[in-house]
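Going line by line, the protein sequences match chains D and C. Position 18 of the first sequence, counted from 1, bears residue number 18 in my numbering, the numbering being contiguous throughout. Position in the second sequence (first residue = 1) + 1000 = my numbering.
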Amino acid sequence: MTLVYHSINGEISMHHRFSRRAVLLSMGGAALSASMPVRHAFAQMDAEPWAFLTDDEARWLAAIADIFIPEDDHPSASQAGVVDYIDMQLATGYGQGQGLYLQGPFPEGTPEQGWQLPVTPAELIRNGIAAAREETDLATLPDTDRLTWVEAFSKREDPIGDAPAQTFFGELLSLTKEGYFADPIYLGNHDYAGWRMVGFPGAHAYFTERVGDNAPTKQPPMGIAHGQLGHRAPRPISQEG
Amino acid sequence: MATRTLPKTDVVIVGGGWTGLTAAYELAHAGQRCVVLERGQNRHTATSFAGPEEHDELKYALRHGHMQDLKKETLTFRNNRDQQALPMRRLGSFLPGTGLGGAGIHWNGQIWRPLPSDLEMRSHYEDRYGSQFIPDDLTIQDWGVTYDELEPHLDFFERICGAAGYAGNLNGETRAGGNVFEGQRSADYPNPAMKQPISNTLFGKAAEKLGYNPFPMPSANVTQAYENPYGAQLHPCTYCGFCERFGCGYFAKADPIICVYDRIKDHDNFEIRFEAQVLRVEKSEDGQTATGVTYLGEDGVEVFQPADTVCLNAYGLWNVHLMLVSDLGKPYDPATRTGVVGRNYAYQTVAAVDAFFDSDVITNPFMGAGALGVVVDDFNGDNFDHAELGFLGGGYIACKQYNGRPISYQPTPEGTPAWGGDWKRAVRENYNHHGDLVIHGSSVSTHENYLDLDPTWTDAYGRPLLRMTFNFPDNDRKMGDYVMNRAVEIAQEMDNVTSVSSVNMAAKGKDYSIVPYQTTHNAGGAVMGTDPTTSVVNRFGQMWDHHNVFVFGACLFPQNPGYNPTGPLMGLAYWTLDHMKTDYLSNPRPLMDA
């Protein structure tokens, strides 16, 4: 069994919580290395509830997001909190169809006519994951087979259940990239993983004196709520069902 | 029937954006009691757009926090009349705003003037290339107003915005370093041009080497402390990189709230009502004039606001929609090619070129501003010989640095996969070494690109949705390719460039799509002119059919020039207001004979 999550730079900012998981987390990154068996009798109770996702959905999303953005010198998608990000997005405005015109009828359109589904993004993703898992549970495949499966998905023309494959795939890829690069107030981009990777200094931006320079920016990233919230670490995701 | 009728006002203004608030300012000072009806909420630049909270790419750039709610109002779209139009269920290709200031709070601040020949497009091309030159399927026409007539008004709006730039034609004197193709200016820009980042500078050098005439993009991102003619105070730009899709809490990007609203809000003749959704314009019994407008008030009750004069200042598309649902003017019918409302809808023809630098060039793409660019105008309008080219129109080529925000700004060389380890490495390696060239091209009007009402879907108020039928005309596909190839040549000439890639949104065989963002430059549909069979309003912006209805915005453009529309449409607004104040209001009547 493995945990997808491992702490980045050993920085964990959850000391205000008093759950068994917090105790584990406070042991630092080494204690949560991929080989350490942390599954135990209380795992389910420990897990902080997801806002929208089920544990199975979270595992599936972690698996595909880490194919989209794998770990290298920089964290993978799930290590950077992308599943936490997606969970929050699906539970709130975007996932629930805010700003989405959902009046019927819903005839099929051309790709140029855009989104024509009678469902919210959260419904699309929930139904899509359920149908995909019925075919093959990505989360249980070995790593090399996961890549093959996602490559096939990226070119798939047949729907997955009711979900048009390309629309479903496009939403998943967009959400993953958003979660990697959005301000950490949205629970992804943990410890500025995405911003550090490209060198984006963040929301506090005054460049009048520097705009003409041809020189690297040394400014460390600062998000909207930098230093105020102590952003929490991504939830651990057990890869066992 | 409206449930409640209010006392009559002199002028009712639909929409509280750039043109609506400006109309209120000018007409209130001319002694007219003005009521502005804004469908969105009250907000203010100081309190609603302050950093760092405003610097939230997800909320504003991707989730469209400042844009209109499609659940309430949207449109249907199709590429041609053989298709069924389907609702635009999600925002994409263009982003109309809502709330005080309208889309004027989230523009990029690119403040252009049309070329003199743009305003006389049909007669100009016929004069220069012969009467057979313009293909039959194009419905391009003259605007009915000339550059010389608009010049004082274009100039005044630049003063309202504190525009930053360098004149290329000052009182007839051509000046290197400015746009040598522009029409004659009566004065230089009120503020000096912006500083340029390395990518834009290298573009300018390469363009010069090829014999072109690069110049700093004219900008309403202000470069020094400035007071506009209404008394508004603007501050210097911080190059923070959060312009388009964001409001500017620094007071450095001219917007209608700080530049106009703050200077009129306490005037006795001014009143604004928020969350006031205008449903229709009401007409007199003889149908010759409008009597006012009916709107849905905050409490959900229909309210009739009578007025002597009605000004339509909504976003261009919604002005056309309001006319169609109110039966104002004759709707355009493409089968018979008669009628005018909805005719000559045009867009913008956009292409992009990416230049990738070696590691010696560090671009810092997050240091940006909406109008931070170096531009070549040698292939815009009729600035180049079209005789052998097989198309008309053109576009500017700009190297811009305005949106280095990391969710959306992920330039990678051609052939990079869309995800996975190779994608991740390419994003990391190219983020800081990329030059962003845009081809911002004109859009001709045709018989088949138009707006009307949809037979199936309705908005939240029960009105039929607007229906858009649009595809890129062949003329613009050729134009886009031609100008894009000139941009590729410039990119290849740039120092330290290792690879160049390009994409033409209007490439042959590629249908216009409502999905990817292109520009919020929807034009036409209620066009101006001198012939009532081919225009909705006369050359003063006054409806031919109802002389007390005046129309504002890019819906007036008979076709769309290769420039961003805010400068031209505000020049037209001041032109219309000037004629209202000096000629119409004291003696209301048609200002031109039909």
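The beta carbon of each residue, even a glycine, is placed where N, CA and C say it ideally should be. Here the structure is a predicted model, which means the values were calculated and not measured.
Per DSSP, D:Pro220 has no beta bridge partner at all. For the C-beta of C:His1321, not a single chain D residue is nearer than 8 Å; the gap to the nearest is close to 15 Å. At least one CB of chain D lies nearer than 8 Å to the CB of C:Thr1238. Proximity of the stretch 1352-1369 of chain C to the stretch 1224-1243 of chain C meets the contact definition, three or more beta-carbon pairs being nearer than 8 Å. For C:Lys1400, no CB of chain D lies under 8 Å from its own CB, so it is not counted at the interface with that chain.
A distance below 7 Å between beta-carbons, with the five flanking residues on each side excluded, links C:Ala1187 to the following residues of its chain, in chain order: Asp1155. Taking the Cβ atoms as the reference, C:Val1293 lies roughly 7 Å from C:Arg1280, within the contact range of under 8 Å. Nearest to C:Val1340 by C-alpha distance, out of C:Gly1168, C:Pro1532, C:Gly1287, C:Met1592, is C:Pro1532. One finds nothing in chain C with a Cβ atom closer than 7 Å to the Cβ of D:Tyr192; even the nearest lies about 10 Å away. For D:Lys177, the neighbours in chain C by C-beta distance under 7 Å run, in chain order, Ile1407.
Taking 3 residues as the shortest admissible run, the stretch 1519-1560 of chain C contains the following complete beta strand (DSSP E) segments, listed from N- to C-terminal end: 1549-1551. For C:Gly1329 and C:Arg1337, the gap between their C-alpha atoms comes out near 15 Å. With respect to chain D, the C-beta atom of C:Tyr1230 has no partner C-beta closer than 8 Å.
Looking at the DSSP output, C:Ala1164 sits in a beta bridge with C:Asn1191, C:Ser1219. Under the three-state reduction of DSSP, C:Met1484 is assigned to helix. Here the alpha carbons of C:Gly1015 and C:Tyr1315 stand approximately 8 Å from one another. Within 10 angstroms of the beta-carbon of C:His1267 lie fewer than 16 other beta-carbons, which makes it exposed. Contact between C:Gly1509 and C:Gly1480 does not hold, since the beta-carbon distance rounds to 13 Å and is not under 8 Å. Close CB contacts of C:Val1035 within its chain, under the 8 Å cut and outside five residues either way in sequence, are with Thr1009, Val1011, Val1012, Ile1013, Glu1271, Ile1272, Arg1273, Gln1305, Ala1307 (chain order). Under the Cβ distance rule, C:His1066 does not count among the residues neighbouring chain D, no pair being separated by less than 8 Å. With its beta carbon at least 8 Å from every one in chain C, D:Phe168 lies outside the interface.
Nearest CB-CB separation between C:Ile1514 and chain D: below the 8 Å threshold.
Looking at the DSSP output, C:Ala1307 sits in a beta bridge with C:Thr1009.
At a cut-off of 8 Å between beta carbons, C:Glu1053 contacts chain D.
DSSP places C:Arg1467 in the uninterrupted beta strand (DSSP E) bounded by 1464-1469. The C-beta of D:Val198 comes closer than 8 Å to at least one C-beta of chain C. At least one CB atom of chain C sits nearer than 8 Å to the CB of D:Phe68. Nearest C-alpha to C:Leu1556 among C:Asp1545, C:Ala1387, C:Arg1343, C:Tyr1409: C:Arg1343. Residue-level contact check: D:Val211 touches chain C, since one or more beta carbons of chain C fall below 8 Å from its beta carbon. Taken through DSSP and simplified to helix, strand or coil, C:Gly1292 comes out as strand.
Per DSSP, the continuous beta strand (DSSP E) segment holding C:Phe1077 begins and ends at 1075-1078. Contact between C:Val1427 and C:Ala1207 does not hold, since the beta-carbon distance rounds to 28 Å and is not under 8 Å.
At a cut-off of 8 Å between beta carbons, D:Thr208 contacts chain C.
For C:Met1505, not one C-beta of chain D is nearer than 8 Å to its own C-beta. DSSP places C:Phe1356 inside the beta strand (DSSP E), whose first and last residues are 1349-1357.
In the displayed model, C:Val1325 falls within a helix according to three-state DSSP.
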